[in-house]
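Undergrad: Numbering (the numbering used here), first residue to last: 3 to 296. Where is the CB? At the ideal position from N, CA and C, for every residue including glycine. A quick note: this is a predicted structure, and the numbers were derived from the prediction, not measured.
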């Protein structure tokens with residue numbers, strides 16, 4: 003099957019305090035990892051007609067990614083984010099009116115409407131990209147995976163919950179779950195209420211160094227915690243690494259517990275590297291071989 007996974011959303015450059023600049027954006031990171039996992043995803047986004055946009059396209063081509071869904075924008079620049087580290091956690095200053103806010107419906111490339119479709123929430127802050135995703139979902143007949151990324155001030159509860167209602171699978175962290183429904187001291191009970199209320203097939207809640215939990219509509223519960231102390235270089239993109247393997251597990255019909263364990267293993271490996279993506283294909287080979295990917 004050609005391009006069984008489609009990824010919609012932002013691609014941007016993260017600018018770090020030391021002056022370095024790293025290619026990223028949650029959907030782009032997920033697509034990058036899935037390409038390394040031999041899935042050939044179709045990445046749908048928009049970049050400026052500028053040097054950074056050229057760099058995005060070149061990076062994708064060098065990684066052998068499909069660039070047919072990458073739109074170019076003459077009016078708006080390629081996305082940028084200023085990253086700062088506060089108490090060991092990344093904080094993001096996200097620049098408005100970027101090219102990914104204007105993904106155009108009339109330039110959509112959906113090659114496989116029966117496949118798995120991923121989207122986040124940040125790229126939907128502007129009405130243009132929001133309406134484009136709506137048009138994309140009208141064409142799409144497969145499963146829908148939503149990766150919640152609540153970034154102030156670019157979200158509101160009503161819009162996010164409407165997107166959740168459209169999804170089949172949802173991933174978010176425990177802080178985001180608390181923000182989207184009344185607080186509960188029992189995380190598992192809160193997850194069941196959320197899954198039932200929004201008629202989801204599956205819900206995954208990440209908890210940073212404490213691991214993650216997942217439940218599905220069949221009543222299965224999966225729990226995972228890091229099995230070893232990891233030398234953390236930075237945590238930027240750890241959630242995206244986790245999401246990429248969740249997508250892989252759903253697509254390949256892995257058992258829920260196995261999917262979670264593999265997602266945790268890959269995310270734990272990634273935080274030992276600088277940046278949200280790795281440009282060395284050898285980094286991925288142990289996972290490709292262990293998971294017997296084609």
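(1) Pairs of beta-carbons, one from the segment 66 to 74 and one from the segment 93 to 100, closer than 8 Å: are there three or more?
(2) DSSP three-state label for residue 320, please.
(3) Can you look up residue 286 in the DSSP assignment and give me helix, strand or coil?
(4) At 4 residues or longer, and completely inside the segment 31 to 118: list those alpha helix (DSSP H) runs for me, N to C.
(5) Return the CA-CA distance between residue 264 and residue 281, expressed in angstroms with no decimal places.
(6) Judging by CA-CA distance, which residue of 58, 89 and 100 is the nearest neighbour of residue 78?
(7) Would you kindly check if the distance between the Cβ of residue 262 and the Cβ of residue 226 is under 8 Å?
(8) Three or more C-beta pairs under 8 Å: does that hold for the segment 122 to 136 against the segment 150 to 168?
(9) Going by C-alpha distance, which of 188, 203, 34 and 187 is nearest residue 173?
(10) Please state the DSSP three-state secondary structure of residue 22.
(11) Within a Cβ cutoff of 6 Å, which residues of the same chain sit near residue 2, ignoring the five residues on either side of it in sequence?
(12) Expressed to the nearest angstrom, what Euclidean distance is found between the alpha-carbon atoms of residue 51 and residue 11?
(13) For residue 239, name the three-state secondary structure that DSSP assigns.
(14) With a threshold of 16 other CB atoms inside 10 Å of the CB of residue 145, please say whether the residue is buried or exposed.
(15) Between the C-alpha atoms of residue 39 and residue 63, what's the straight-line distance to the nearest angstrom?
TA: Here's the rundown:
(1) no
(2) Any question about residue 320 goes unanswered here, given that the chain covers just 3 to 296.
(3) coil
(4) 53 to 64
(5) 20 Å
(6) 100
(7) yes
(8) yes
(9) The option with the nearest alpha carbon to residue 173 is 203.
(10) coil
(11) This structure cannot settle anything about residue 2, because the visible part of the chain is limited to 3 through 296.
(12) 18 Å
(13) coil
(14) buried
(15) Those two C-alpha atoms are separated by around 16 Å.
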